[in-house]
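Okay, so here's the structure we're looking at.
Chains as they are written, first to last, in my numbering: chain A, 1 to 104; chain B, 105 to 416.
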């Protein structure tokens, strides 16, 4: 199953509210990934986001689900700034996870 | 902000129940950092115990426009048409919840009339700093914010202050800093958050916010200040005559800065930053440079914990 989440509708033009990110993570992203479903985060008409917002949205799914998160989470209509922040979070989360699958 | 350390050293915070604010009698130039610090102290002392004393010159009208008189029992001596053009500024605002923060970012930042690209930088900085206050400071009064756009220098100055637990206490559970200045430097180090000692942070915190903002100030060749407890750290402006992209360091000791651990004790945290808009590169380029240093810092710290071979 594939689910598309419209970030603009939930977090507004500039995504900075971590409470919203947390709610989305707990109520939508984690349950979907645990079932092996695909999630597409749609950033259409979102002008920017903070690193904290993106971290609160996707760091735990990456930590918890690893390859399932990498395979089943996708982003669409993200502008260059948002792409950069998502890439930063992907990089440092992978740096911080050790090779046997548990956090240090 | 170059003189912020002098300003801090001139404060007398020994009697927090009463606040007297005085100005030079001929001229006033006030950074939002000074304003939000004064506002936070006024809120702590209470309006009835706060006064603006002495002769305030005509330029003191700015204190009125920025809302400082509203926090004191001294009536404003200034009479002017409040609707007349007064420049591009965000007067002192109190933000107590994440909903307040979102409203502030949507409705108030446009008062600075910045381009979309520049507005993004300001939203980013205020978004991260206010969130830090709401999440880590446990401040009853919330985050106190003010900002000013200076046309002549094409610069935005931002001040954010709280009267919460301060940085030392916020980091002490996992990191045990010895002094307030150690705590500030830890808070500026990539990957250090008060909520865990694990690399990668928690689901909510990565320990990236202050490092990113200090780096934005450095890349845009401007000042960045933190004041908490007895400590004050000022990132010195990167000189314009030095060509090329300023080099970013994970270790705040390596950045040209001034510091003190003997400032009058401020029970809370103040963060202030200046952003030169003409020095600001594309925001994604800026994020990319900061992200690379952040990754490397996490990697290096992880490697530093690796077990070493036992050579006999």
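Every residue, glycine too, gets a C-beta built ideally from N, C-alpha and C. This one's a predicted model, so the numbers in the text were calculated from it and none came from an experiment.
Sequence-distant residues of the same chain with beta carbon closer than 6 Å to residue i, five excluded per side
i, result
"residue 212/B", "194"
"residue 266/B", "237, 241, 243, 247, 372, 373"
"residue 301/B", "278"
"residue 323/B", "350, 390"
"residue 82/A", "43, 49"
Pairwise C-alpha distance: residue j and residue i
i, j, result
"residue 317/B", "residue 202/B", "20 Å"
"residue 88/A", "residue 141/B", "33 Å"
"residue 3/A", "residue 395/B", "29 Å"
"residue 61/A", "residue 286/B", "33 Å"
"residue 337/B", "residue 284/B", "10 Å"
"residue 153/B", "residue 29/A", "50 Å"
"residue 393/B", "residue 123/B", "43 Å"
"residue 107/B", "residue 329/B", "11 Å"
"residue 281/B", "residue 366/B", "16 Å"
"residue 116/B", "residue 257/B", "32 Å"
"residue 76/A", "residue 97/A", "26 Å"
"residue 189/B", "residue 84/A", "Its pLDDT being 48, under 50, residue 189/B is placed unreliably in this model, and the value from its coordinates should be taken loosely. Rounded to the nearest angstrom, the two C-alpha atoms are 38 Å apart."
"residue 353/B", "residue 158/B", "45 Å"
"residue 134/B", "residue 347/B", "30 Å"
"residue 407/B", "residue 95/A", "10 Å"
"residue 368/B", "residue 8/A", "45 Å"
Residue i and residue j closer than 9 Å at C-beta
i, j, result
"residue 172/B", "residue 151/B", "no"
"residue 200/B", "residue 238/B", "yes"
"residue 231/B", "residue 50/A", "yes"
"residue 295/B", "residue 307/B", "no"
"residue 136/B", "residue 263/B", "yes"
"residue 26/A", "residue 74/A", "no"
"residue 319/B", "residue 370/B", "no"
"residue 339/B", "residue 355/B", "no"
"residue 90/A", "residue 402/B", "no"
"residue 109/B", "residue 362/B", "yes"
"residue 411/B", "residue 16/A", "no"
Within chain B, the residues that residue i reaches when beta carbons sit closer than 7 Å
i, result
"residue 67/A", "Neighbours of residue 67/A on chain B: none; closest Cβ ~17 Å, over 7 Å."
"residue 8/A", "Residues of chain B passing the Cβ test: none, with the nearest at roughly 12 Å."
Residue i in three-state terms, based on DSSP
i, result
"residue 404/B", "helix"
"residue 361/B", "strand"
"residue 42/A", "strand"
"residue 120/B", "coil"
"residue 415/B", "coil"
"residue 268/B", "coil"
"residue 36/A", "coil"
"residue 369/B", "coil"
"residue 183/B", "coil"
"residue 316/B", "helix"
"residue 60/A", "helix"
Proximal residues of chain A, C-beta to C-beta of residue i below 7 Å
i, result
"residue 316/B", "51"
"residue 388/B", "80, 81, 84"
"residue 398/B", "88, 92"
Partners in chain B for residue i, counting only beta-carbon separations shorter than 9 Å
i, result
"residue 33/A", "Per Cβ cutoff of 9 Å: no residues; residue 33/A is ~14 Å from chain B at best."
"residue 16/A", "202, 205, 206, 209, 227, 228, 230, 231, 232, 234, 235"
Residues of its chain near residue i, where Cβ-Cβ distance is below 7 Å and the 5 sequence neighbours each way are ignored
i, result
"residue 52/A", "18"
"residue 341/B", "325, 326, 327"
"residue 273/B", "none"
"residue 178/B", "155, 156"
"residue 405/B", "295, 303"
"residue 148/B", "120, 267"
"residue 344/B", "325"
"residue 163/B", "131, 132"
Own chain partners of residue i with C-beta closer than 8 Å, once the 5 adjacent residues on each side are dropped
i, result
"residue 216/B", "192, 193, 194, 223, 226, 251, 253, 260"
"residue 229/B", "262, 317, 320, 377, 379"
"residue 293/B", "311, 315, 354, 355, 356, 401"
Residues that residue i contacts on chain A, provided the C-beta gap is smaller than 8 Å
i, result
"residue 126/B", "In chain order: nothing, as chain A lies at least about 37 Å away."
"residue 403/B", "95"
"residue 369/B", "Within 8 Å Cβ-Cβ: nothing; residue 369/B doesn't reach chain A, min ~29 Å."
Partner residues on chain B for residue i, Cβ-Cβ distance less than 8 Å
i, result
"residue 22/A", "307, 308"
Neighbour list for residue i in chain A, Cβ cutoff strictly below 9 Å
i, result
"residue 246/B", "Near residue 246/B there are no residues of chain A at all, since even the closest Cβ is about 15 Å away, more than 9 Å."
Residue i beta carbon near the ligand FAD (any heavy atom closer than 8 Å)
i, result
"residue 14/A", "No copy of the ligand FAD appears in this structure; indeed no ligand is present at all."
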